[in-house]
Amino acid sequence: MNNDMYDDNGPGRDLGRGRTEKRRNALDILKLANQLMELPPSRIPKLKLPEDIVDEIGRTRKITAHIARKRQIAFLAKQMRKHGDEAFVDARAALGEDRQRQREDAAFMHRLESQRERLMEDGDVALGELFDQHPELDRQHVRSLIRSARVEKEKAKPPHAYRELYQLLKDLATKGQDADDEPDQASDQDENRDD
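For what it's worth, our numbering labels the leading residue of the sequence shown as 4, then goes sequentially.
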């Protein structure tokens, strides 16, 4: 009886990746292809993709019918699989940085929104903290914005003062970030002078 069929090193044995792993990798490449299609065309050349993939992305962008586009994206993913994962390391890194930046922007926006809500609800306590952090603020203007925002909210009016208060907080936060960046640049210049 021939036991080659059960031999681990026999001719019928595939020592490569398993089917589940291949499927998972194929789905990862398909997801990457979809993400590449969502990017603006100006970003594609910056990602250091193979030339045939860049051309295929351009052809896929021209297709507008939903099913045809979906089929073409699947074809794009198939072409991408032929190049292997190494060809798309830069693209994955750039997309990861974009997602991280989006998360940071969303967190920044939520912090500003919660600060605005706190100013409207807590009143003088939150206002005192804001003025301690930013003594240059026009106290009367900020108090007026908060009062107007409360009235707008109570009477269900368009939130003009509410938005203006948010914009004020955003300007203060970005000004604070810019001020934090400047000393670093100044200290870098001082270090260069010492050399």
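Ideal Cβ positions, reconstructed from N, Cα and C, are used throughout, including at glycine.
Between the alpha carbons of Lys25 and His113 lies a distance of about 40 Å.
Excluding the 5 residues flanking it on each side, Lys51 has same chain C-beta neighbours closer than 6 Å at Asp93, in chain order. For His137, no alpha helix (DSSP H) segment is defined, and its DSSP state is neither H nor E.
Selection Ala29, Glu116, Leu98 evaluated against Met83 yields Ala29 as nearest (Cα-Cα). Taken in chain order, the complete alpha helix (DSSP H) segments of 4 residues or longer contained in the region 75-126 are 92-125.
Between the alpha carbons of Gly21 and Arg27 lies a distance of about 10 Å.
Taking the Cα positions, Asp55 is about 18 Å away from Arg74. Under the three-state reduction of DSSP, Thr67 is assigned to coil, being neither helix nor strand.
Within the same chain, and ignoring the five residues on either side of Phe134 in sequence, the residues whose Cβ sits closer than 7 Å to its Cβ are Leu140, Arg142.
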